[in-house]
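Only one structure is covered here, and it is reproduced in the block below.
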Amino acid sequence: MKPLLPVLLLALLSCSTSPSLTIEQQTIEAYVKASANDPSSYEAVRWGKAAAYTRRDSAATAAAVLSARYSATANSPDIEGRAKLIKEAIRLENITDTTRIGTQLTHAYRGKNKVGALVLDSAHFVVYKPGKVVRL
């Protein structure tokens, strides 16, 4: 009887299903499907490790967007507007508040594009506490 026990245990473990998705993963999956060209073609490929998303992270993301906007307006005659952009970006970069405001995940998935070709895509997502999803 004892030699049979490890074989039965191994058989049970091999039949077990994969771990279920977390609430954040389910929320991102619903978001991706809702914005997909063909929601029925969605296939999850890989999930990154979940990480805390803080106010400092949010501010750094916003600062990067403003810095890119500043660079894009390099030839603009609006010097005051450009100065405001860089001043705000610097202010945001100095935020040190580490209060958690959500969860950040990287997700790779397949789905059909507008012309019906199956493509692989990946993105960074943030799921805020009320369930709002933002693609970074």
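According to mature numbering (1 follows the signal peptide of the UniProt record, and there is no 0), the stretch in the sequence shown is residues -22 to -1, 1 to 114, in order. Cβ atoms here follow ideal geometry from the backbone N, Cα and C, with glycine treated the same way.
Simplified DSSP assignment, three categories, for Y106: In the sequence shown, residue 106 corresponds to position 128, counting from 1. DSSP places Y106 in strand when its eight states are reduced to three.
Assigned secondary structure, Y48 (DSSP; H/G/I helix, E/B strand, else coil): The residue labelled residue 48 in the question sits at position 70 within the sequence shown. Annotated three-state conformation of Y48 is helix, per DSSP.
Separation of L44 from E2, as counted between CA atoms: Counted from its first residue, the sequence shown places residue 2 at position 24. Counted from its first residue, the sequence shown places residue 44 at position 66. In a straight line, the C-alpha of E2 is about 28 Å away from that of L44.
K11 - DSSP class collapsed to helix/strand/coil: Here residue 11 refers to the residue found at position 33 of the sequence shown. Three-state DSSP puts K11 in a helix.
Cβ neighbours of A37 in the same chain (closer than 6 Å, five flanking residues each side left out): The residue you call residue 37 lines up with position 59 of the sequence shown. Once the five neighbours on either side are set aside, the close Cβ partners of A37 are L70, I73.
Residues that DSSP places opposite K90 in a beta bridge: Walking along the sequence shown from the start, residue 90 turns up at place 112. Answer by DSSP bridge pairing, in chain order: L96.
G59 in three-state terms, based on DSSP: Here residue 59 is taken as the residue at index 81 of the sequence shown, counted from 1. Assignment of G59 by DSSP, reduced to helix, strand and coil, places it in the helix class.
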